[in-house]
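In this note's numbering, the protein residues as written are 27 to 332. Where is the CB? At the ideal position from N, CA and C, for every residue including glycine. These numbers come from a predicted model, not from an experiment. The structure under discussion appears below in the form of structure tokens.
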């Protein structure tokens, strides 16, 4: 082969490589630019939800379609508004958001929608009509758990209430519904109440403060958005027998549900307090995969499947 032929061949290969590179770049450019906007992240649920969104973005069904970027505003509505504005300006096609407030983000969300951006809130709600909301019935969660506790106590007793992240629709609706139930029973007294931030660690701190002026014998039951596992653990630490654990209405943490199993049930790796105790519980869950579902639905909306 002559030099001229080699040059032509190299030129052809270079051209093919350039075309392949151009195709690859074009494919990358075709990915949908989607942001995950998080607010408060100081509990296990939020970490799990974020990980599930990232895992969904990396799944083979979406990996070639989604360019996911994550921003955290903390429990600060103004910062979340600023971040969402910046997301829109940077070319977001969709925003998956855990809103710190059901109403504070309405204007920035409407502005995003007006520019063609799809906005999907998960777990907590946004009241702006153009937003999509992926969540369970939080009012029902508050009502059913409160009714269960009242029934367990035969309509009479002192209870402790531990709420969630203030300002979110989740906390507002659960707490509102529960207190409406308790208000129907004048002999049900909320003798201690604290903000728990949906965190087992915060629940322990707040329960310790309440119990500084009371003891477990003064309490008949607990209504906790998150923290029943911790409350049961603290009672066991205080010397209560498993048969003496107070009824607790709350979340679906793994530890709490393990404690609900009949005492003696074999569970691999179980060790007190993370062990079957026959605890009196009702447990519900707002699934952390709601964020991943919101991402999947956002992609479908971008592609015109809504």
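Are at least three pairs of beta-carbons, each pair with one atom in the region 225-239 and one in the region 199-215, less than 8 Å apart? The answer is no - the region 199-215 does not touch the region 225-239, with fewer than three Cβ pairs under 8 Å.
Excluding sequence positions up to five away, which residues of its chain have a Cβ less than 7 Å from the Cβ of residue 296? Scanning its chain for C-beta atoms nearer than 7 Å, with the 5 sequence neighbours on each side dropped, one finds around residue 296 the residues 284, 302, in chain order.
Taking 8 Å as the threshold, find out whether the region 314-332 comes into contact with the region 79-88 through three or more Cβ pairs. At 8 Å Cβ cutoff, the stretches touch.
DSSP state of residue 59, grouped into three classes? For residue 59, the secondary structure class from DSSP, reduced to helix, strand or coil, is strand.
Would you mind sorting residue 39 into buried or exposed? The rule is 16 or more other CB atoms within 10 Å of its CB. Caution applies to residue 39, whose pLDDT of 37 falls short of 50 and renders its modelled position unreliable; the value that the coordinates give is listed next. When all chains shown are included, residue 39 counts as exposed.
Assign residue 196 to buried or exposed, taking buried as 16 or more other Cβ atoms, counted over all protein chains shown, within 10 Å of its Cβ. Result: buried.
Rounded Cβ spacing between residue 138 and residue 114 (contact assumed at less than 8 Å): Residue 114 and residue 138 do touch by the CB rule: their CB atoms are close to 5 Å apart, below 8 Å.
Residue 93 in three-state terms, based on DSSP: Correct three-state label for residue 93: strand.
Residue 172: which of 155, 203, 183, 244 sits nearest, CA to CA? Of the candidates 155, 203, 183, 244, the one whose C-alpha sits nearest the C-alpha of residue 172 is 203.
Is the beta carbon of residue 152 closer than 7 Å to that of residue 125? In contact: residue 125 and residue 152 (Cβ atoms closer than 7 Å).
By Cβ distance below 8 Å, which residues in the same chain neighbour residue 323 in space, the five residues on each side in sequence not counted? Non-local C-beta neighbours of residue 323 in its own chain, meaning closer than 8 Å and more than five positions away in sequence, comprise 146, 158, 160, 332, ordered along the chain.
With a cut-off of 8 Å, do at least 3 Cβ pairs link the region 94-105 to the region 162-170? The region 94-105 makes no contact with the region 162-170, as fewer than three CB pairs between them are under 8 Å.
Residue 96 versus 68, 59, 128, 130, residue with shortest Cα-Cα distance: Nearest of 68, 59, 128, 130 to residue 96, Cα basis: 59.
From which residue to which residue does the beta strand (DSSP E) around residue 249 run? 247-250 is the extent of the beta strand (DSSP E) around residue 249.
What residue from 310, 174, 218 has the CA that sits closest to residue 187's CA? Closest option to residue 187, Cα to Cα, is 218.
Just to confirm the assignment, what range does the alpha helix (DSSP H) spanning residue 83 have? 70-84 is the extent of the alpha helix (DSSP H) around residue 83.
Could you tell me if residue 277 is buried or exposed, where buried requires 16 or more neighbouring beta carbons within 10 angstroms of its beta carbon? By the 10 Å Cβ count, residue 277 comes out buried.
Give a single yes or no on whether residue 97 has its beta carbon closer than 6 Å to a heavy atom of the ligand ZN. Looking at this structure, you won't find the ligand ZN or any other ligand, since it has none at all.
Report back the beta-carbon spacing between residue 184 and residue 245 to the nearest angstrom; my notes put them in contact at under 8 Å. That belief holds up - the Cβ atoms of residue 184 and residue 245 are roughly 6 Å apart, short of 8 Å.
Does the Cβ-Cβ distance between residue 290 and residue 255 come in under 7 Å? Cβ atoms of residue 290 and residue 255: not closer than 7 Å.
Inter-residue spacing [alpha-carbon to alpha-carbon] between residue 326 and residue 266: A straight line joining the alpha-carbon of residue 326 with that of residue 266 spans about 52 Å.
With distances taken between CB atoms, is the gap from residue 170 to residue 211 smaller than 7 Å? Not a contact, by the Cβ cut-off of 7 Å.
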